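According to this note's numbering, the sequence shown is numbered sequentially starting from 12.
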Amino acid sequence: MDAIWTCRLAIVAAIVGQAAYSQAQNARSDPVRVLVGRLDLDTYKATIEGLTQFGDRREGTARNRAAADWIEAQLKSYGCANIERVKYVYDQPPEPVRPAPATSRGTAIASGEIIRGVGGSRLRGITLLAVPNYDPNAQTDPALRARNAELPAPGLREEVYCTKVGATRPDEMYIVAAHMDGRSFGEAADDDGSGTALVMELARVFSHPDVITERSIRFALWNNEETGLHGSRAYATQRAPLQGKEEPPGSGRYPEPRWIAMIQHDMMLWDHGMPRPDGTVSVEQRPEADINIEFQSTAKFADAAMKLAFLFRDANEKYAMDYPASVGHHMSNTDSSAFLDLVPAISLRENERGMQIGAGWNPHYHQPTDRYTSYSDKDFRLGLNAAQTSLAAIAQLAGASLK
Ligand SMILES: [Zn+2]
């Protein structure tokens with residue numbers, strides 16, 4: 012080796028060494044990076060798998076109530092404080108059993124043709140009908156079919172939340188949420204075990220005894236999303252009037268801190284691209300997979316929600332490991348809709364709800380195949396990256412630090 016090469020290698024080694032050193036320094040001095048580092052793929056997967064033991068967790072059934080009890084026990088084990096429940100009555104009869112929909116071929120939207128989807132979206136390219144399965148017998152696994160056999164009964168419903176209380180601003184909070192109920196006789200692994208597990212993971216990290224936040228964070232696992240957002244609406248109706256009231260006066264305790272913003276997580280795993288003309292979809296996560304952060308442009312707080320969405324995108328660029336995030340303005344059909352005229356509200360998803368999920372991009376959506384075993388580590392990693400994104404954004408917004 013000649014002298015000039017030895018010299019160059021020494022310079023490279025010095026640069027690499029310097030980078031590694033400053034990264035280590037960064038990790039120590041940046042509490043957000045430390046907190047993001049406490050998330051991991053195996054724990055996230057294990058929480059999703061834990062939720063799937065309750066089948067599709069359909070609202071109004073014993074399996075749904077058992078799932079809520081299990082979630083509560085997990086939150087307690089993380090040390091998340093002030094675990095409480097919202098109670099409300101849902102008295103609509105269940106949707107009738109219907110034969111499973113026939114699999115369809117793709118429909119090609121003509122060049123220039125404008126077909127609208129939900130939330131103000133516009134559909135593009137090849138689309139499939141996204142029809143839920145209402146047929147219990149479409150589940151081919153007899154054990155899972157038996158677990159999902161009970162139909163909902165009208166009556167009292169409950170949903171669980173816990174709270175990280177802010178050290179200096181306990182009267183202000185962010186609501187971080189997902190829906191724990193599912194449907195369609197599978198395991199509701201993606202919809203919305205993936206979002207529920209993400210929120211539980213954030214509750215675990217923020218509840219660690221060495222974490223302090225200036226503002227409060229509430230972790231909420233809504234019920235009755237699949238019937239039409241009845242659980243999140245019950246929370247918003249019952250608790251909006253209680254915001255910011257100190258109870259008892261002078262105690263420094265705020266049962267319902269003032270809401271600053273609401274962040275929903277719903278379907279976090281699957282981004283395999285557009286269906287093909289024959290109606291099939293790629294079995295692999297596409298390399299360009301991204302997290303879709305959406306706000307609703309017609310919401311009362313659209314402008315602030317848009318800024319919040321880009322703050323999440325920035326958090327993704329700084330802290331998420333693998334997958335990027337993009338921002339859209341057609342948020343729809345999830346629990347953040349119950350909040351969008353009360354407070355800035357956004358949702359995080361695997362795909363845009365209107366243009367992509369609504370055009371049949373996820374073949375497991377509301378199907379008996381929405382099972383833990385239907386997803387690969389590349390899929391679970393998209394959910395983990397969404398968790399890194401939300402954790403990093405909320406940590407900055409709530410003013411997180413380490414003791
Ligand atoms: Zn959902």
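The C-beta atom is built at its ideal place from N, Cα and C for all residues, glycine as well. Here the structure is a predicted model, which means the values were calculated and not measured.
Problem - Check whether LEU280 and GLU361 have beta carbons under 9 Å apart - result: yes
Practice task
Kindly list the residues whose CB is nearer than 6 Å to the CB of ASP221, restricted to its own chain and excluding five residues on each side of it in sequence; keep chain order.
Solution key: LEU413 and LYS414
Practice task
Report buried or exposed for PRO379, applying the criterion of at least 16 other Cβ atoms within 10 angstroms of its Cβ.
Solution key: buried
Problem - Where ARG360 sits in the DSSP three-state scheme - result: strand
Exercise for the section: Examine ligand 1 and report whether any of its heavy atoms sits within less than 8 Å of the Cβ of MET278. Expected result: yes
Problem - Inter-residue spacing [alpha-carbon to alpha-carbon] between PRO355 and ALA113 - result: 40 Å
Exercise for the section: Express the C-alpha separation of ALA403 and PHE321 in angstroms, rounding to a whole number. Expected result: 13 Å
Problem - Under 9 Å between C-beta atoms of HIS340 and ALA370 - result: no
Practice task
Take ILE186 as the anchor and find which of ILE368, TYR376, ASN373 and ALA349 has the nearest alpha-carbon.
Solution key: ALA349
Problem - Span of the beta strand (DSSP E), counted from its first residue to its last, around VAL97 - result: 92–101
Exercise for the section: Report yes if the CB atom of TYR89 is closer than 9 Å to the CB atom of ALA398, and no otherwise. Expected result: no
Practice task
Look at the alpha carbon of ILE207 and the alpha carbon of PRO165, and state the distance between them as a whole number of angstroms.
Solution key: At residue 207 the sequence reads Thr, which differs from the Ile that was named. THR207 and PRO165: Cα-Cα distance of roughly 24 Å.
Practice task
Would you identify the three-state DSSP class for SER33, choosing helix, strand or coil?
Solution key: Any reading at SER33 needs caution, since the residue's pLDDT is 48, under 50, leaving its predicted position unreliable; the model's value is listed next. Helix.
Practice task
Flag GLY365 as yes when its Cβ comes closer than 8 Å to any non-hydrogen atom of ligand 1, and as no otherwise.
Solution key: no
Practice task
Buried or exposed for VAL294, please, with buried defined as at least 16 other CB atoms from any protein chain shown within 10 angstroms of its CB.
Solution key: exposed
Practice task
Check whether the Cβ of GLU70 sits closer than 8 Å to any heavy atom of ligand 1, and report yes or no.
Solution key: no
Practice task
Give the secondary structure of ARG250 by DSSP, where H, G and I count as helix, E and B as strand, and everything else as coil.
Solution key: helix
Handout entry: For PRO220, three-class secondary structure by DSSP
Key = coil
Practice task
Tell me whether THR151 counts as near ligand 1, meaning its Cβ is closer than 8 Å to at least one heavy atom of that ligand.
Solution key: no
Practice task
Specify, as a first and last residue, the run of the beta strand (DSSP E) that ALA326 falls within.
Solution key: Segment 313–330 is the alpha helix (DSSP H) holding ALA326; no beta strand (DSSP E) there.
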